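Protein chains in written order, with the working numbering: chain A, 3 to 239; chain B, 475 to 799.
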């Protein structure tokens, strides 16, 4: 990462490395909370707050955390911040707290936060990590907002709870059900990929570093059984 | 002197094209279409027109946007639109029919690569989109002349409240009051509540015979599907006439004949077709008797569509001298 490119660290999360549509992380909250715009945006903002804080702390502690137990350490840090956000929301925004329900607590195991901790914060300086958290969080929020807008407007005939005159009588409630969520998700990924390829930008090859399961995955450690088989075949030939 | 022509194989071509097969399907659907319009009135013509029209327009526009050769001429979009319109009732709001047809063409067929590449039957999937989205699907239309019926035979199948007495089935609501009646003859002729194309069993059978004679479909899937529904209903109800009524009361015939025989989404080997039909029938009966929904034909076909690659794998023939897999 170039040193004087702080702005690009933030902006790459918006579109080029959008966590939802390009990195395909955090699919569970994306599908679950995008039935309405209000829930989606507040979910995005809550995750952003946690992401910035956890990236900062993980980046600060990156030399202290032993490599073998890094995932539990990350989880503890993230869970701490999630609990703070949850308590704040419960105290000051009880309606939103009710709306998000279990998904607020599930931010703890949100792939985006764990993924950025593993991919970015554990290798970069605190300020960069915070900016990365901010960019990714905003990208997540944008993605959720887009999906929720489509689903709520056409599925429920409303926008942020405000009914739209013509559409409210012509709803396709499939869109606010879970299969509709998958459909909109897939179509948006397709559109984003289409825009990326037409701009000539390839989606970044992420490799195994971003995968939280890399520690236990054989292929990430070069022990993939398929590769061995192929190697064996090559030797036989 | 004989002229010797040298050319590469194949030397003989079958005359069947996508267009001719689709035309055969449309011809086979004509009896049930006419019967549907006859039974449910002119409103069903509007539904059919919107279904076909929006399917064709959706196909045209999608090909235009995706920069693909225009495939409207192969009539497959017409068949999809027609089947979809036949599988809904005649009082459906027209915009919902249009959305269902466009979804079937664009999402189920177009996005996956066009004709032959779809993972599931477009008409079935479009119908299910409408079933899960629009409450209007649950209400059924009734024969124009019929003023007695208040519920479809199928709407009461789930709770098994169809009562058989002297050849007439009394349909009861959940309180036990008789709300309508039907008999085997009206189930056979289609003068009962239901979707435009599903009710007239005799017209569907005529279409099936035509398709079999033209070798567009084979007998395995329809026969095994319908027989399975009949036999399992017989086991469940322990009454021959009741089982007959259950077999004819829903969309079993149109599903088994026209939707479970789609080339792209059903097995290609004979035994695969039998497995496909039996599983469809079994799932239909399971959903009808123990599921939440009154009818299970569409879901069973969609589910088996997804399993088709595996059935093909199990039943594929090992080539002579071929290696063991």
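Each residue gets a CB set at the ideal place from its N, CA and C atoms; glycine is no exception.
Please read all numbers here as calculations on a predicted model, not as lab measurements.
Query raised in the report: Ordered along the chain, which non-local residues of its own chain (more than five positions away) have a Cβ less than 6 Å from that of residue 152 of chain A?
Result: 186
Query - Per-residue contacts from residue 176 of chain A into chain B (C-beta, under 8 Å) - result: 603, 606, 607
Requested in this report: Compare the C-beta of residue 585 of chain B with all C-beta atoms of chain A and state if any pair is closer than 9 Å.
Outcome: Yes - at least one Cβ of chain A is within 9 Å of the one on residue 585 of chain B.
Query - Any C-beta of chain B under 9 Å from that of residue 192 of chain A - result: yes
**Report entry** Paired residues, beta bridge with residue 160 of chain A - DSSP
**Finding:** A/165
Requested in this report: Would you check if the distance between the CB atom of residue 659 of chain B and the CB atom of residue 718 of chain B is smaller than 9 Å?
Outcome: no
Query raised in the report: When DSSP labels each residue in this structure, what does residue 566 of chain B get in the three-state scheme?
Result: coil
Query - Rounded distance between the beta-carbons of residue 142 of chain A and residue 22 of chain A, thought under 8 Å - result: 6 Å
Query raised in the report: Looking at the structure shown, is residue 491 of chain B part of a helix, part of a strand, or coil, going by DSSP?
Result: coil
**Report entry** Proximity to residue 90 of chain A [Cα-Cα], best of A/43, A/174, A/52
**Finding:** A/52
Report task. With a cut-off of 8 Å on the beta carbons, I'd call residue 161 of chain A and residue 607 of chain B a contact; round off their distance for me. Result -> About 19 Å separates the two Cβ atoms, so there is no contact after all.
Query raised in the report: Terminal residues of the continuous alpha helix (DSSP H) containing residue 92 of chain A?
Result: 72-94
Query raised in the report: Just the Cα atoms here: how many angstroms apart are residue 479 of chain B and residue 486 of chain B?
Result: 13 Å
Query raised in the report: Does the Cβ-Cβ distance between residue 586 of chain B and residue 592 of chain B come in under 9 Å?
Result: Yes, these two residues count as a Cβ contact at 9 Å.
Query raised in the report: Under a Cβ-count criterion, where at least 16 other Cβ atoms within 10 Å of its own Cβ denotes burial, should residue 601 of chain B be classed as buried or exposed?
Result: The C-beta of residue 601 of chain B has 16 or more other C-beta atoms within 10 Å across all chains shown, which makes the residue buried.
Requested in this report: State yes or no: is the beta carbon of residue 181 of chain A nearer than 9 Å to at least one beta carbon in chain B?
Outcome: yes
Query - Distance, residue 667 of chain B Cα to residue 728 of chain B Cα - result: 15 Å
Requested in this report: Indicate whether residue 109 of chain A and residue 87 of chain A have their beta-carbon atoms separated by less than 9 Å.
Outcome: yes
**Report entry** Whole-Å CB distance - residue 184 of chain A paired with residue 25 of chain A, under 8 Å assumed
**Finding:** Going by Cβ atoms, the distance from residue 184 of chain A to residue 25 of chain A rounds to 18 Å, so no, they are not a contact pair.
Query - the region 553-563 of chain B / the region 507-526 of chain B touching (three or more Cβ pairs under 8 Å) - result: yes
Query - Alpha carbon of residue 726 of chain B to alpha carbon of residue 778 of chain B, nearest angstrom - result: 15 Å
Query - Separation of residue 65 of chain A from residue 784 of chain B, as counted between CA atoms - result: 50 Å
Query raised in the report: Interface residues of chain B around residue 98 of chain A at Cβ under 8 Å?
Result: Going along chain B, no residue has its Cβ under 8 Å from residue 98 of chain A, so there is no contact; the nearest lies around 28 Å.
Query raised in the report: Is the distance from the Cβ of residue 548 of chain B to the Cβ of residue 684 of chain B below 9 Å?
Result: no
Query raised in the report: Excluding sequence positions up to five away, which residues of its chain have a Cβ less than 6 Å from the Cβ of residue 620 of chain B?
Result: Residue confidence is low: residue 620 of chain B scores 43 on pLDDT, short of 50, so the model does not pin down where it sits. Its coordinate-derived value is still stated next. No residues qualify anywhere along the chain.
Query raised in the report: Are the beta-carbon atoms of residue 121 of chain A and residue 58 of chain A separated by less than 9 Å?
Result: no
**Report entry** Interface residues of the region 566-579 of chain B facing chain A [CB-CB below 8 Å]
**Finding:** 569, 573
**Report entry** residue 38 of chain A versus A/202, A/172, A/158, A/190, residue with shortest Cα-Cα distance
**Finding:** A/158
Query raised in the report: From the beta carbon of residue 495 of chain B, is the nearest beta carbon of chain C less than 9 Å away?
Result: Reference to chain C is not applicable here, since the protein chains of this structure are A and B.
Query raised in the report: Is the CB of residue 679 of chain B under 9 Å away from at least one CB in chain A?
Result: No - not a single Cβ of chain A is within 9 Å of the one on residue 679 of chain B.
Requested in this report: Label residue 165 of chain A either buried or exposed according to how many other C-beta atoms from any shown protein chain fall within 10 Å of its C-beta, with 16 as the threshold for buried.
Outcome: It counts as exposed.
Requested in this report: Answer yes or no: does any C-beta atom of chain A fall closer than 9 Å to that of residue 581 of chain B?
Outcome: Look at residue 581 of chain B: its C-beta is under 9 Å from a C-beta on chain A.
Query raised in the report: Taking one C-beta from the region 510-525 of chain B and one from the region 563-579 of chain B each time, how about it: are there three or more such pairs within less than 8 Å?
Result: Yes, the region 510-525 of chain B touches the region 563-579 of chain B.
Query raised in the report: Which of the three DSSP states, helix, strand or coil, is assigned to residue 732 of chain B?
Result: The answer is helix: DSSP assigns residue 732 of chain B an H, G or I state.
Query - Cβ-based neighbour list, residue 511 of chain B, same chain, cut-off 8 Å, excluding 5 preceding and 5 following - result: 518, 519, 522, 670
Query raised in the report: So is the beta-carbon of residue 741 of chain B under 8 Å away from any non-hydrogen atom of the ligand MN?
Result: The ligand MN is absent from the structure shown, which contains no ligand whatsoever.
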